[in-house]
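In UniProt numbering, the protein residues as written are 1 to 234.
Glycine included, each C-beta is placed from N, C-alpha and C at the ideal position.
What follows is one structure encoded as structure tokens, with my remarks underneath.
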Amino acid sequence: MTRVLVVEDEPPLVRALTINLRARAYEVDAASDGTTALRLAAERRPDVVVLDLGLPDMDGIDVIKALRGWTRVPLVVLSARRTTHEKVEAFEAGADDYLTKPFDMAELLARLRAAVRRNTPDGAGGVLPADEPRSLTVVTDDFTVDLAAKKVRRGGQAVRLTPTEWHLLEILVRSPGRLISQRQLLEEVWGPTFATRTNYLRVYMAQLRRKLEKDPSHPRYLITEPGMGYRFEG
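Structure follows, in structure tokens:
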């Protein structure tokens, strides 16, 4: 069973989430503050985390950063904060998805399924086909992508990517020089219901460029074809 850690300090919302998740065969742990969330994440090892940013003891951004120090568990933010700056801050800290309150329960469940699928070796997250070399590595002048180990190194140092960042990068580097359409990327990474959410791609590609490109404003490897999609130039 998929285990969800719900980090939320509003009891009615915790109850609603717990009821809906358990009705769909999820196991649920709940934390009403950041300290408890970090403890439960270490003890229970959830498959996905649903996180409010407005917690009583610490900001949710700090919880994301603390978790990203040791785990790549998918993090779906569920918050009343709506500004672009606040959303970008959450993504930069390591969030994989962001849903604003009030929200539709069906949409949240769809995003949870997508987040878990991206992070599951046998899901739709782009595992290596059986006949593909397990040591497949993409080497550039600035970074190395190990597709088998799902690791990236730059300047001899490991680069920490979120599951969503990794999935995007993996799709692109597997087809060097080929234009991958915005729709294809969105459907592969987030699912068919997100095929028009091009803002997701802008945010995540900007994050990847900051982590991998020498000059993110003039990318050498992760190229945008305006209005069409993206391609990887090795």
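Roughly how many angstroms lie between the CA atoms of Gly54 and Gly34, to the nearest whole one?
10 Å
Please confirm whether Val6 and Val28 have their CB atoms less than 8 Å apart.
yes
Quick check: the Cα distance between Tyr204 and Leu21, rounded to an integer number of angstroms?
28 Å
CB of Asp96 within 8 Å of CB of Pro163, strictly:
yes
Where Arg231 falls: helix, strand or coil (DSSP):
strand
In whole angstroms, give me the CA-to-CA distance for Glu89 and Leu78.
14 Å
Kindly indicate the opening and closing residues of the alpha helix (DSSP H) around Asp62.
60 to 68
Closest to Glu86 by CA distance: which of Arg111, Asp59, Pro176, Pro74 is it?
Asp59
Given Thr36 as reference, the closest of Thr18, Asp9, Ala149, Pro216 once Cα atoms are compared
Asp9
So, Val48 versus Ala110, is the Cβ gap smaller than 8 Å?
no
What's the call for Glu170, buried or exposed, on a 16-neighbour Cβ count within 10 Å?
buried
Nearest neighbour of Ala106, chosen from Tyr230, Thr193, His167 [CA to CA]:
Thr193
With a cut-off of 8 Å on the beta carbons, I'd call Leu172 and Tyr230 a contact; round off their distance for me.
6 Å
Can you tell me the Cβ-Cβ gap for Pro74 and Arg118, rounded? I've got them flagged as a contact below 8 Å.
7 Å
Taking only beta-carbon atoms, is Met1 less than 8 Å away from chain D?
No chain D appears in this structure, which consists of one protein chain only.
Taking all protein chains shown into account, do 16 or more other C-beta atoms lie within 10 angstroms of the C-beta of Ile180, making it buried, or fewer, making it exposed?
buried
Less than 8 Å separating the beta-carbons of Gly234 and Thr140?
yes
Straight-line Cα distance separating Arg178 from Ala226
The sequence as given places Pro at residue 226; Ala does not occur at that position. Their backbone Cα atoms lie some 14 Å apart in a straight line.
Is the CB-CB distance between Lys214 and Arg220 below 8 Å?
yes
Helix, strand or coil at Tyr221 [DSSP, three-state]:
coil
CA nearest to the CA of His167, picked from Leu17, Ala30, Gly191
Gly191
What is the residue span of the alpha helix (DSSP H) that Thr144 lies within?
Looking at the DSSP string, Thr144 is not in any alpha helix (DSSP H); the run it does join, the beta strand (DSSP E), is 143 to 146.
Expressed to the nearest angstrom, what Euclidean distance is found between the alpha-carbon atoms of Thr71 and Ala42?
9 Å
Quick check for students: name the residue ranges of the alpha helix (DSSP H) that lie wholly in the region 10 to 86, counting only runs of 4 or more.
11 to 23, 34 to 44, 60 to 68
Quick one: grab the DSSP three-state call for Lys151.
strand
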